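Trainee: One structure follows; several queries about it will come next.
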Amino acid sequence: NPAIANQMRKVASELQRQDFIHEARDICQMLIQSKFVQAADYVILAQTYKTVLVDEDKANRAMQCLKKAEALDPEFGETYTLMARIANEDGRYKEGLALSNKALNCKAPDNRALEYKATALANLNRNEEALQTIELALKHYSWVPELHRIKGSVLENLGRYSQAVDAYRKAWQLHHTDWNVFRIAHCLEMQNKFGEAIEELSQQIKRNPKDGEAFRSRALLKIKSKDVPGAIKDFDTCIVLEPTAKT
Numbered sequence: 007n008p009a010i011a012n013q014m015r016k017v018a019s020e021l022q023r024q025d026f027i028h029e030a031r032d033i034c035q036m037l038i039q040s041k042f043v044q045a046a047d048y049v050i051l052a053q054t055y056k057t058v059l060v061d062e063d064k065a066n067r068a069m070q071c072l073k074k075a076e077a078l079d080p081e082f083g084e085t086y087t088l089m090a091r092i093a094n095e096d097g098r099y100k101e102g103l104a105l106s107n108k109a110l111n112c113k114a115p116d117n118r119a120l121e122y123k124a125t126a127l128a129n130l131n132r133n134e135e136a137l138q139t140i141e142l143a144l145k146h147y148s149w150v151p152e153l154h155r156i157k158g159s160v161l162e163n164l165g166r167y168s169q170a171v172d173a174y175r176k177a178w179q180l181h182h183t184d185w186n187v188f189r190i191a192h193c194l195e196m197q198n199k200f201g202e203a204i205e206e207l208s209q210q211i212k213r214n215p216k217d218g219e220a221f222r223s224r225a226l227l228k229i230k231s232k233d234v235p236g237a238i239k240d241f242d243t244c245i246v247l248e249p250t251a252k253t
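Written out as C-alpha cells, the structure is:
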C-alpha cells in the first residue's frame, strides 16, 4: 500500500546515503515494479549507480534512471539536480547551470541544486553570481562542508584571500579534509603571510607525519621566508616519503 511504499522509499534513501548501495538498489527495484512507483524511486536508484564511479556504464545507467524519473514526473526537482551534478562532472557547465535552474524552478523544487549551480557558475568564470548562489545555499545547508569549500574556492577566484581562508577553515572544521589545509596555506601565501602558512602546514605534519606533500609545500614557503636550511631539510624528508623528480 502507499504507506509501506513511502516507508520503503525512506529506507532506500537512507541506505544509499550510508553507502549500502546494493541494499538500496534492491528496494528501489521493488518500488519501480510496483503500482506505487514515483520519480523519487528512479532518482534514488540513479544515485546508487553514481555513488560507485567505476565505469562509464554506471553513468549511463544513472542517466537512464533519471530519464525515466523525468518521464514519470517532469516537475520533480531532484531529478534535474542529479542531472546537473553529472553534467558538471563531465565538464558540461552550461548544461549543468541550465539543469540546476530547472531543478530550482520545478513545482517540487530542490534547493540542493544551488550547490551545482554555484559550481557551474564558478567554472564559467561568473564568480560574483557563484558567490551569491553559494551564500543562498548556505542559508539552507550551513552544515554541509562542501558548500564552504566551494565558497572558499569562489572567493579565491575573486582574489579575496582573507575571506577564502575563513571559508576553508569552516569547511575543515565540519570535515577534516587535507585539501582545505593546503588551500588555507595557499591563500595565506598569496597575502605574503608566509609564517602563518608555514604554521598551517606544520600542524598538518603533526597530524600526519608521513604527508610528503605537506613537507614539500612547507619547503617552498620556507624558501620565500629565507629559511633555506629549513627548506632543504623539508625537501630531504619529502624525498624519503614521496620521492619525485620535481622534489
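Count along the sequence shown from 1, then add 6; that gives the number in this note's numbering.
Every residue gets a Cβ at the ideal spot worked out from N, C-alpha and C, and that includes glycine.
Just so you know, these numbers come straight off a predicted model, no measurement behind them.
Which class does residue 42 belong to by DSSP, given the choice of helix, strand or coil?
Mentor: Taking the sequence shown and counting its residues from 1, the one referred to as residue 42 is at position 36. In this structure, DSSP gives residue 42 a state outside helix and strand, which the three-state scheme calls coil.
Trainee: Which partner residues of residue 114 appear in the DSSP bridge assignment?
Mentor: Numbered from its first residue, the sequence shown carries residue 114 at position 108. Looking at the DSSP assignment, residue 114 forms a beta bridge with 82.
Trainee: For residue 29, tell me which candidate among 247, 15, 248 has the shortest Cα-Cα distance.
Mentor: Numbered from 1 along the sequence shown, position 23 holds the residue referred to as residue 29. Here the closest residue by C-alpha is 15.
Trainee: Reducing DSSP to helix, strand and coil, say where residue 189 ends up.
Mentor: As a first step, residue 189 is located in the sequence shown; it is residue number 183 there, counting from the start. In the structure shown, residue 189 adopts helical secondary structure according to DSSP, grouped into three states.
Trainee: Tell me the residue span of the alpha helix (DSSP H) that contains residue 160.
Mentor: Numbered from its first residue, the sequence shown carries residue 160 at position 154. Residue 160 -> alpha helix (DSSP H) spans 151–163.
Trainee: Near residue 34, which residues of its chain fall below 8 Å by C-beta distance, leaving aside the five closest residues on each side in sequence?
Mentor: Taking the first residue of the sequence shown as 1, we reach residue 34 at position 28. Within the same chain, residue 34 has close Cβ partners 18, 47, 48, 50, 51, 54.
Trainee: Helix or strand or just coil, what does DSSP make of residue 25?
Mentor: Residue mapping note: residue 25 aligns to position 19 of the sequence shown, counting from 1. Coil, per DSSP.
Trainee: Rank 127, 111, 152 by C-alpha distance to the C-alpha of residue 181 and give the top, closest one.
Mentor: Taking the first residue of the sequence shown as position 1, residue 181 is located at position 175. Ranking the options by Cα distance to residue 181, first place goes to 152.
Trainee: Can you check whether the CB of residue 195 is closer than 8 Å to the CB of residue 227?
Mentor: Looking up residue 227 in the sequence shown gives position 221. Looking up residue 195 in the sequence shown gives position 189. The answer is yes: Cβ separation under 8 Å.
Trainee: Going straight from the alpha carbon of residue 215 to that of residue 177, what length do you get?
Mentor: To locate residue 215, count along the sequence shown from 1; it is residue 209. To locate residue 177, count along the sequence shown from 1; it is residue 171. Looking at the two C-alpha atoms, the distance is approximately 22 Å.
Trainee: Can you list, in chain order, the residues of its chain whose CB lies under 8 Å from that of residue 36, leaving out five sequence neighbours each side?
Mentor: If you number the sequence shown from 1, residue 36 lands on position 30. Contacts found: 14.
Trainee: Measuring straight from C-alpha to C-alpha, what distance separates residue 174 and residue 39?
Mentor: Position 168 of the sequence shown holds residue 174. Position 33 of the sequence shown holds residue 39. Cα to Cα, the separation comes out at about 45 Å.
Trainee: Measure the Cβ-Cβ separation of residue 221 and residue 244 and say whether it is below 8 Å.
Mentor: Indexing the sequence shown from 1 puts residue 221 at position 215. Indexing the sequence shown from 1 puts residue 244 at position 238. Yes.
Trainee: With a CB to CB cut of under 6 Å and the five nearest residues on each side skipped, what residues in its chain are close to residue 110?
Mentor: The count along the sequence shown starts at 1 and reaches residue 110 at position 104. Correct list, in chain order: 119.
Trainee: Decide if residue 210 is buried, meaning its Cβ has at least 16 other Cβ atoms within 10 Å, or exposed.
Mentor: Reading the sequence shown from its first residue, position 204 is the one you call residue 210. The residue is buried, with at least 16 neighbouring Cβ atoms inside 10 Å.
Trainee: What number of angstroms, rounded off, separates the C-alpha of residue 128 from the C-alpha of residue 136?
Mentor: Locating residue 128 in the sequence shown gives position 122, where the first residue counts as 1. Locating residue 136 in the sequence shown gives position 130, where the first residue counts as 1. Looking at the two C-alpha atoms, the distance is approximately 6 Å.
Trainee: In chain order, what residues of the same chain have a beta carbon less than 6 Å from the beta carbon of residue 207, not counting five sequence neighbours either side?
Mentor: As a first step, residue 207 must be located in the sequence shown, where it is residue number 201. If we look at residue 207 and ignore the five residues flanking it on each side, its Cβ neighbours are 191, 220, 223, 224.
Trainee: Which of helix, strand or coil does DSSP assign to residue 166?
Mentor: The count along the sequence shown starts at 1 and reaches residue 166 at position 160. It is coil, neither helix nor strand.
Trainee: Let's see if you can read the secondary structure: which residues bound the alpha helix (DSSP H) around residue 235?
Mentor: Translated into positions along the sequence shown, residue 235 becomes position 229. 234–247 is the extent of the alpha helix (DSSP H) around residue 235.
Trainee: Does DSSP classify residue 184 as helix, strand or coil?
Mentor: Indexing the sequence shown from 1 puts residue 184 at position 178. Residue 184: helix per DSSP, three-state reduction.
Trainee: Does residue 198 come out as helix, strand or coil in the three-state DSSP assignment?
Mentor: The sequence position of residue 198 within the sequence shown is 192, counting from 1. Here residue 198 sits in coil by DSSP.
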